[in-house]
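Novice: In my numbering, the protein residues as written are 683 to 924.
Note that beta-carbon positions come from the ideal geometry of N, C-alpha and C, so glycine has one too.
One structure, pasted below without further comment.
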């Protein structure tokens with residue numbers, strides 16, 4: 683909301699609050715990524731020949747160990763003075779005097795006007811970005827489009843009731859379809875990169891050489907699912923852009 687309705691807030695204080703909230707978001711990232719990895723483990727294992735399942739036990743053990751370490755770090759952050767200060771400051775910001783309206787050009791405009799203008803802008807930008815994506819586009823372009831899609835999704839979920847449901851619901855439905863393929867594409871890339879990064883640790887462990895060989899099959903499966911998500915992009919984007 684702070685990003686999408688920036689013109690309703692004082693700019694200097696807005697930056698302080700957004701930076702603090704970005705930090706809160708960032709410290710949850712490693713645990714979140716490992717949670718996705720572990721939640722998908724059985725699905726990935728099912729795609730690998732059963733004869734290799736036992737060899738992958740050290741990989742699962744390492745992932746559990748990394749997730750436990752990430753969770754310990756997250757707990758430290760969530761119990762820290764920086765975390766408490768961030769939320770205390772944010773609550774004070776919301777309760778406090780936001781200053782004269784002349785410094786906040788959107789402060790007195792109707793919310794439908796402000797949110798509607800932002801929705802049109804984000805949607806138009808997504809159509810522009812998505813139309814430029816083809817089979818040779820780097821993964822980062824799909825990831826950037828995914829981030830824009832999150833913005834639009836938040837806007838529609840927060841303010842969609844301001845407009846007729848027969849306009850908003852089809853837009854949300856096609857956006858969800860697009861987000862599904864973009865989310866799978868990004869998650870599979872992150873998961874594959876994480877698994878590749880385990881190679882050094884696995885090499886020195888009992889069963890490590892066999893685990894490394896089996897790990898390649900997991901990475902291949904993730905790469906295949908990422909390619910499939912990319913292949914489905916054009917159809918989902920076409921529905922959304924229409």
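Starting from residue 919, trace the alpha helix (DSSP H) both ways and give me its first and last residue.
Specialist: Unbroken alpha helix (DSSP H) run through residue 919: 915–923.
Novice: Let me see if you follow: with CB-CB separation under 8 Å, is residue 890 close to chain D or not?
Specialist: The question asks about chain D, but that chain is absent: this structure has only one protein chain.
Novice: Of the choices 774, 727, 722 and 819, whose alpha-carbon is the least far from that of residue 872?
Specialist: Of 774, 727, 722 and 819, the residue nearest in Cα terms is 722.
Novice: Thinking residue 797 and residue 745 are a contact (beta carbons under 8 Å), I'd like their distance in whole angstroms, please.
Specialist: Incorrect: roughly 41 Å between the Cβ atoms, too far for contact.
Novice: Counting Cβ pairs, one atom from each stretch, are 3 or more of them under 8 Å apart for the region 802–818 and the region 827–846?
Specialist: Yes, the region 802–818 touches the region 827–846.
Novice: So, for residue 752: in the same chain, excluding its five sequence neighbours on each side, which residues have a beta-carbon less than 7 Å away from its beta-carbon?
Specialist: So the qualifying residues of the chain are 712, 713 and 716.
Novice: Which residues mark the beginning and the end of the alpha helix (DSSP H) in which residue 793 is found?
Specialist: Residue 793 -> alpha helix (DSSP H) spans 793–813.
Novice: As an exercise, report each continuous alpha helix (DSSP H) stretch of at least 4 residues that is fully enclosed by the region 693–737, in chain order.
Specialist: The region 693–737 contains these whole alpha helix (DSSP H) runs: 693–721 and 723–728.
Novice: With 16 as the cutoff for other CB atoms within 10 Å, does residue 768 come out buried or exposed?
Specialist: Under this definition residue 768 is a buried residue.
Novice: Is residue 768 near the ligand SAM, judged by its Cβ being under 7 Å from some heavy atom?
Specialist: With respect to small molecules bound, the structure shown includes none, and the ligand SAM cannot be examined in it.
Novice: When you compare the CB positions of residue 911 and residue 867, do they come within less than 8 Å of one another, or not?
Specialist: Closer than 8 Å, so yes.
Novice: Determine whether the beta carbon atoms of residue 904 and residue 870 lie at a separation below 8 Å.
Specialist: Yes, the Cβ-Cβ distance between residue 904 and residue 870 is below 8 Å.
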